[in-house]
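To start, the structure under review is shown below, and the notes come after it.
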Amino acid sequence: MALGTDHVTSTTAATFIPEVWSDEIAAAYKKSLVAANLVKKMSFKGKKGDVVHIPVPARGNASAKAASTQVTLIAATETEVTISINKHYEYSRLIEDIVEAQALSSLRQFYTDDAGYSLGRQVDTDLVNLGQQFNVSTAGAGNFRYAGAFIGGDGSTAFDYTANTNAGNASALTAAGIRRTIQRLDDSDVPMDNRFFLIPPNVRNTILGLTEFTTFNSVGEAGSANSIRNGMIGDIYGVPVYVSSNAGTAKSAADGTGTSLGRVCLMAHKDSMVLVEQVGVRSQTQYKQEYLGTLFTADTLYGCAELRNYGGVALVVPV
Amino acid sequence: MKFKCIQSGNTVEFFQEHEILEMRKHTGYTEVPVEVVEAPKATKKTVVKQDETNIDG
Numbered sequence: 005m006a007l008g009t010d011h012v013t014s015t016t017a018a019t020f021i022p023e024v025w026s027d028e029i030a031a032a033y034k035k036s037l038v039a040a041n042l043v044k045k046m047s048f049k050g051k052k053g054d055v056v057h058i059p060v061p062a063r064g065n066a067s068a069k070a071a072s073t074q075v076t077l078i079a080a081t082e083t084e085v086t087i088s089i090n091k092h093y094e095y096s097r098l099i100e101d102i103v104e105a106q107a108l109s110s111l112r113q114f115y116t117d118d119a120g121y122s123l124g125r126q127v128d129t130d131l132v133n134l135g136q137q138f139n140v141s142t143a144g145a146g147n148f149r150y151a152g153a154f155i156g157g158d159g160s161t162a163f164d165y166t167a168n169t170n171a172g173n174a175s176a177l178t179a180a181g182i183r184r185t186i187q188r189l190d191d192s193d194v195p196m197d198n199r200f201f202l203i204p205p206n207v208r209n210t211i212l213g214l215t216e217f218t219t220f221n222s223v224g225e226a227g228s229a230n231s232i233r234n235g236m237i238g239d240i241y242g243v244p245v246y247v248s249s250n251a252g253t254a255k256s257a258a259d260g261t262g263t264s265l266g267r268v269c270l271m272a273h274k275d276s277m278v279l280v281e282q283v284g285v286r287s288q289t290q291y292k293q294e295y296l297g298t299l300f301t302a303d304t305l306y307g308c309a310e311l312r313n314y315g316g317v318a319l320v321v322p323v
Numbered sequence: 569m570k571f572k573c574i575q576s577g578n579t580v581e582f583f584q585e586h587e588i589l590e591m592r593k594h595t596g597y598t599e600v601p602v603e604v605v606e607a608p609k610a611t612k613k614t615v616v617k618q619d620e621t622n623i624d625g
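Encoded structure:
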């Protein structure tokens, strides 16, 4: 007797086969956030006020004392930097009871984790964008066109968003560009310690391709200590390098819209910018009976500003 | 010596010997060949003989 038909298959028995929902999630990977740990942090938790005033005294010059003459008084009206604590960001989800009862616990875990990440990313973005203000003559006038930046190719040519029919004149980072930027900080008496070099991933690619920073006869690092083996850049000319996918982007429009003209590397000193936290990231939940659900909210209140205009340099490289 | 960024097409110029050597190894740049400017050709001068005092012959 032929048995070629009427088999019990996964199609005919589909109603008996359960589906399995994983407790693991596959959310998008997080951007690497590093800026908040590199700059000066001031905590104003629990203190009242919305503006922080930081005095910026000018350094005086010594005067030669001539015999039988009065001393020379130094005339100076000291200035200040003000930091407005006006950045209040929140992340909220209202989880209805039916979802709470039926959904896997990974749902709530994800929302909690995502809240911290999204607020952290906002802080990081605000700090990275302070690079727009470096070397801009009028305080606070910098924007996404990076008027105070230089190109990565030589570190000495000013970045010009109008060059090449508004395509910009960004060029790939070179060792000479890094050295010129270090010299720029040295010329401004920026301390050699606590500097950092924040680069986007495409610049990491460039640096790992430069023999000056990778080959044994240049760096003297062999085996697993060599960048070719471990992929870590470490310090370049004494400046620690940090890679962040959240590094800045130069745009054709001042407000951050328009086309991307290049990614931005920042070489700066820790004290070149400041992050003032009044309320750190906190999370709260409240049961909302009118919606039969739980409102989950995380928020943070902070301010950030450029402290020293000469304390950092932005380098623009191709996207 | 000028070098052209492969990605953006923009050029940067270096004058120091060690920087030029570095740039020649940089995979993100190509060297822009120096254009050789040809010297203007000398025009032939016609020799005027001493007995040709009258150009009308």
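Heads up: the protein sequence lines correspond to chains G and C, in order. Residues are numbered in our numbering as their position in the first sequence, beginning at 1, plus a constant of 4. Residues are numbered in our numbering as their position in the second sequence, beginning at 1, plus a constant of 568. Virtual Cβ for every residue (Gly too), placed ideally from N, Cα, C. The model shown is predicted, which means the values in this text are computed figures rather than measured ones.
I want to see whether chain G comes within less than 8 Å of residue i, judged by CB atoms only; does it?
i: K570/C; result: no
Count the other CB atoms within 10 Å of the CB of residue i; is the residue buried (16 or more) or exposed (fewer)?
i: P204/G; result: buried
i: H586/C; result: exposed
i: V321/G; result: buried
i: Y150/G; result: buried
i: Y295/G; result: exposed
i: V128/G; result: Just to set this straight, residue 128/G is Asp in the shown sequence, not Val. D128/G is buried by the Cβ-count criterion.
i: T161/G; result: buried
i: R267/G; result: buried
i: S14/G; result: exposed
i: K255/G; result: buried
i: Y165/G; result: buried
i: D10/G; result: exposed
i: V75/G; result: exposed
i: I89/G; result: buried
i: Y33/G; result: exposed
i: E590/C; result: buried
i: L77/G; result: exposed
i: V12/G; result: exposed
i: Y95/G; result: buried
Measuring only between beta-carbons, confirm whether residue i sits less than 8 Å from chain C.
i: A145/G; result: no
i: P322/G; result: yes
In whole angstroms, what is the alpha-carbon distance linking residue i and residue j?
i: P675/C; j: K570/C; result: No answer is possible for residue 675/C: it lies beyond the span of chain C, which begins at 569 and ends at 625.
i: D117/G; j: F48/G; result: 25 Å
i: E100/G; j: F300/G; result: 11 Å
i: K69/G; j: P61/G; result: 24 Å
i: A31/G; j: S110/G; result: 11 Å
i: V317/G; j: V140/G; result: 10 Å
i: N168/G; j: E606/C; result: 29 Å
i: C308/G; j: D191/G; result: 26 Å
i: N313/G; j: A258/G; result: 19 Å
i: N250/G; j: C269/G; result: 11 Å
i: H273/G; j: S576/C; result: 29 Å
i: P608/C; j: Y246/G; result: 55 Å
i: E225/G; j: Y241/G; result: 15 Å
i: L98/G; j: G297/G; result: 6 Å
i: T611/C; j: V604/C; result: 21 Å
i: L189/G; j: G315/G; result: 7 Å
i: D27/G; j: S287/G; result: 23 Å
i: K572/C; j: Y597/C; result: 5 Å
i: S72/G; j: A79/G; result: 21 Å
Counting only C-beta atoms, is residue i closer than 8 Å to chain B at any point?
i: R267/G; result: No chain B is part of this structure, whose protein chains are labelled G and C.
Output the boundary residues of the beta strand (DSSP E) element that contains residue i.
i: Q74/G; result: Segment: none, Q74/G is in no beta strand (DSSP E) and carries neither H nor E.
i: Y291/G; result: M277 to K292
i: K44/G; result: K44 to S47
i: R267/G; result: S264 to H273
i: F571/C; result: K570 to C573
i: I87/G; result: T83 to S88
So residue i is in the alpha helix (DSSP H); what residue range does that whole segment cover?
i: Q106/G; result: D101 to Q106
i: G172/G; result: Per DSSP, G172/G belongs to no alpha helix (DSSP H) and is neither H nor E.
i: I182/G; result: A179 to D191
i: A119/G; result: S110 to V132
i: R208/G; result: P205 to L212
i: I588/C; result: E585 to K593
Within 7 Å of chain G by C-beta, residues of the region 572-595 of chain C in sequence order:
Within the region 572-595 of chain C, the residues whose Cβ lies closer than 7 Å to any Cβ of chain G are, in chain order, C573, Q575, S576, N578, V580, F582, E587, E590, M591, K593, H594 and T595.
May I ask you to list, following chain order, the residues of the region 152-164 of chain G that have a beta carbon less than 8 Å from some beta carbon of chain C?
Cβ contacts with chain C come from I155, G157, D158 and T161.
Between the region 168-179 of chain G and chain C, which residues of the former have a C-beta closer than 9 Å to a C-beta of the latter?
Per Cβ criterion, the list reads N168, A171, G172, N173, A174, S175, A176, L177, T178 and A179.
When Cβ atoms are compared, which residues of the region 201-222 of chain G fall closer than 7 Å to chain C?
Taking 7 Å as the Cβ-Cβ cut-off, the region 201-222 of chain G approaches chain C at T210, G213, L214, T215 and E216, given in chain order.
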